[in-house]
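2 protein chains.
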Amino acid sequence: MREKTTRDHIVKAADQLFYQQGFEHTSFADIAGVVQISRGNFYYHFKSKDEILDAVINVRLADRQVMLKQWEVEGETPLDRIYSFIHILIKNQEKIIKFGCPIGTLSTELSKLNHASQNDANKLFTLFRTWLCRQFTLLGRETDADDLAMHLLARSQGVATLATAFRDGEFIKIEAQLMCDWVKSQAVETTAARRSIH
Amino acid sequence: MREKTTRDHIVKAADQLFYQQGFEHTSFADIAGVVQISRGNFYYHFKSKDEILDAVINVRLADRQVMLKQWEVEGETPLDRIYSFIHILIKNQEKIIKFGCPIGTLSTELSKLNHASQNDANKLFTLFRTWLCRQFTLLGRETDADDLAMHLLARSQGVATLATAFRDGEFIKIEAQLMCDWVKSQAVETTAARRSIH
DNA sequence: TTGTAATTAGGACAATCGTCCTAATCCGTC
DNA sequence: GACGGATTAGGACGATTGTCCTAATTACAA
């Protein structure tokens, strides 16, 4: 699990710092301080700061892909798997309160910077969106699975934003429970009368 | 409505630029370019960039207070007033797709910067939170009015975040409708059997 | 018209940013 | 031990940042 190469160290440190301080607010000096490396050495491994960002995004994509695969193995039903998604809000509670959602905050920042990598960063959202979409399809909601996926994604994003602003961990717990209840109610509707989301 | 003083011009330009580009990514040169003023002249009106931020936050607070007051006058029922809140997502659709929610994105950025004014910026959230809380109380949900207010705030924040990421205006419309349906269902529960939020 | 305060323009400032260059060092191979 | 490529250290660079200082200009009162 421990990274061996200097390049991996740089990416790992950048990943954390971009999350905690934001991309623009993190300087080469900051990363160098963590990795214990000379500033000039960066440019042997990366041609620019943007290239480090790309590497960070790719690492995050790979990490989340592994996580989603793991949820597919562990969760027997699509319901269980969606619960796993909701549960990361609880699991990462402390970090979310301090720094928000790593995917959402990066997407928001790059959007304001009008950064060239915003499309790449948003692939992280798409990754969860299509995964959730597939689970809702398996749940029998093939016609509106994507709407349900977007709905759940949005709610988790909103919870993260407000939990950070108000430094409120209890709020995360309450909303996570509501989200689980909502998902369950959506599954039930497969056998019951089909209604709109509410 | 037109601002007279140079100070007001600066604050207005900073307000827009902080929204569109973010606080840190907006330089004095950027503001000066809009206001058509020399860079050195800033420090006659403000002692620092942080002081401009404080002024912007106060202007936003005043603006939103006026808006909320207006909704109280226009809306006959608390239900109507909450609808007005949800409707800003539709009204500001284009801006939200481009730049997100001005309150949420500022709060998120200042949180990452660990900026001294983050508490002041979060007062914007509190303003809507207490206002929504009052409306839900008038709706007969005095016991969990604050939970409902936070829930609605979170959902609107999440919608804004994803609408920006996916540049999707249709998503805003769908979710706004869902939120309206949800609010209505919450009001109905006052007369019907009291259940948990779902 | 004159004098005084308010306002502005423009440049200097130290610090920091991302970037780049070159010399030194490391390390495995012959 | 010597060679050669991979890796690193350290500083120089131009640009930009927020901040500050001072002289010039404006606007208003006497």
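Protein chains in written order, with this note's numbering: chain A, 1067 to 1264; chain F, 1067 to 1264.
From the three backbone atoms N, C-alpha and C, an ideal C-beta is built for every residue, glycine too.
Small disclaimer: the values here were computed from a predicted structure and weren't measured.
Name the chain A residues that come within less than 7 angstroms of F:Met1216, Cβ to Cβ? Taking a Cβ-Cβ threshold of 7 angstroms, the residues of chain A close to F:Met1216 are Leu1228 and Phe1237, in chain order.
Give me the residue from A:Leu1176, A:Leu1145 and A:Ala1226 with the minimum Cα distance to F:Lys1164. The option with the nearest alpha carbon to F:Lys1164 is A:Leu1176.
For F:Phe1112, return the contacting residues in chain A, with the cut-off set at a CB-CB distance below 8 angstroms. Correct list: empty, because the minimum Cβ distance to chain A is about 22 angstroms.
Kindly indicate if chain F contains any beta-carbon less than 7 angstroms away from that of A:Gln1087. Proximity of A:Gln1087 to chain F, defined by a Cβ-Cβ separation below 7 angstroms, is satisfied.
Looking at A:Val1249: is its Cβ nearer than 7 angstroms to the Cβ of A:Ile1238? Not closer than 7 angstroms, so no.
With DSSP collapsed to three states, give me the class of A:Ala1182. DSSP places A:Ala1182 in coil when its eight states are reduced to three.
Following the continuous alpha helix (DSSP H) through F:Phe1094, name the residue where it begins and the one where it ends. For F:Phe1094, the enclosing alpha helix (DSSP H) starts and ends at Phe1094 to Val1101.
Report yes if the C-beta distance between A:Gln1102 and A:Pro1144 is below 7 angstroms; otherwise report no. Inclusion of A:Gln1102 and A:Pro1144 in the CB contact set at 7 angstroms is not warranted, their separation being larger than that value.
I'd like to know whether the C-beta atoms of A:Thr1227 and F:Gly1170 end up nearer to each other than 7 angstroms. Yes, these two residues count as a Cβ contact at 7 angstroms.
For F:Gln1082, would you say it is in contact with chain A, using Cβ-to-Cβ distances shorter than 7 angstroms as the test? With a threshold of 7 angstroms between beta carbons, F:Gln1082 makes no contact with chain A.
Between which residues of its own chain and A:Gln1223 is the CB-CB distance below 8 angstroms, once the five residues before and five after are set aside? So the qualifying residues of the chain are Cys1167 and Gly1170.
Counting contacts by CB-CB distance shorter than 7 angstroms, is A:Ala1098 in contact with chain F? Closer than 7 angstroms: no.
Whole alpha helix (DSSP H) runs in the segment 1159-1233 of chain F with 4 or more residues, listed along the chain? Secondary structure remark: continuous alpha helix (DSSP H) runs of at least 4 residues inside the segment 1159-1233 of chain F, in chain order: 1159-1165, 1168-1179, 1184-1204 and 1211-1232.
Chain A beta carbons: is any one of them nearer than 7 angstroms to that of F:Thr1171? Yes, because at least one Cβ of chain A sits closer than 7 angstroms to the Cβ of F:Thr1171.
Just how far apart, CA to CA, sit F:Trp1137 and F:Lys1157? Rounded to the nearest angstrom, the two C-alpha atoms are 14 angstroms apart.
Which bits of chain F does A:Val1225 rub up against, with CB to CB less than 8 angstroms? Under the 8 angstroms cutoff, chain F gives Ala1220 and Gly1224.
Which residues in the same chain have their Cβ closer than 7 angstroms to the Cβ of A:Cys1199, if we skip the five residues on either side of it in sequence? Excluding positions up to five away in sequence, the list reads Ala1211, Asp1212 and Ala1215.
Between F:Asp1096 and the rest of its own chain, which residues show a CB-CB distance below 6 angstroms, the 5 nearest in sequence each way excluded? Only Leu1083 meet the Cβ criterion.
Segment contact, 8 angstroms Cβ cut-off, at least three pairs: the segment 1174-1190 of chain A with the segment 1185-1194 of chain F: No, the segment 1174-1190 of chain A does not touch the segment 1185-1194 of chain F.
So that I know if they touch, is there some Cβ in chain A lying closer than 7 angstroms to that of F:Gly1206? It does not; no Cβ of chain A falls within 7 angstroms.
Can you tell me which of the three DSSP states A:His1075 falls into? When secondary structure is reduced to three states using DSSP, A:His1075 falls in the helix class.
Pop quiz: F:Ala1242 and F:Ile1152 are said to be a contact at Cβ under 8 angstroms. What is the actual Cβ separation, rounded to whole angstroms? The beta-carbon separation of F:Ala1242 and F:Ile1152, rounded to 5 angstroms, stays under the 8 angstroms limit for a contact.
Decide if F:Ser1173 is buried, meaning its Cβ has at least 16 other Cβ atoms within 10 Å, or exposed. F:Ser1173 should be labelled buried.
Same chain, Cβ closer than 6 angstroms to A:Phe1112, five either side skipped, listed in chain order: Hits under 6 angstroms: Ile1118.
Going along the chain, which residues of the segment 1184-1212 of chain F sit with their C-beta nearer than 7 angstroms to a C-beta in chain A? Answer set for the segment 1184-1212 of chain F: Asn1188 and Phe1191.
Along the chain, where does the alpha helix (DSSP H) containing F:Glu1117 start, and where does it finish? Note, F:Glu1117: alpha helix (DSSP H), Lys1115 to Glu1140.
Quick one: Cα of A:Glu1140 to Cα of F:Asp1081, how far? Straight-line spacing of the CA atoms in A:Glu1140 and F:Asp1081 works out to 48 angstroms.
Is the Cβ of A:Lys1161 closer than 7 angstroms to any Cβ of chain F? No, no contact with chain F.
At which residues does the alpha helix (DSSP H) containing A:Ser1104 begin and terminate? Where A:Ser1104 is concerned, there is no enclosing alpha helix (DSSP H), because DSSP gives it neither an H nor an E.
Determine, for F:Ala1079, whether the minimum Cβ-Cβ distance to residues of chain A falls below 7 angstroms. Chain A, which has no Cβ nearer than 7 angstroms to the Cβ of F:Ala1079, makes this no.
Taking 7 angstroms as the CB-CB cut-off, is A:Ser1177 touching chain F? Answer yes: the Cβ-Cβ gap between A:Ser1177 and chain F drops below 7 angstroms somewhere.
What is the rounded straight-line gap between the Cα of A:Glu1236 and the Cα of A:Ser1150? Each residue's alpha carbon lies about 19 angstroms from the other.
Residue-level contact to chain F via CB, A:Ala1242, 7 angstroms cutoff: Interface flag for A:Ala1242 against chain F is unset, since no Cβ pair is found closer than 7 angstroms.
Flag this pair as yes or no: are the beta carbons of F:Asp1120 and F:Ser1183 separated by less than 7 angstroms? Yes, the Cβ-Cβ distance between F:Asp1120 and F:Ser1183 is below 7 angstroms.
Taking F:Phe1165 as the query, report the chain A residues whose CB atoms sit under 8 angstroms from its CB, ordered along the chain. Within chain A, the residues near F:Phe1165 are Ser1177 and Lys1178.
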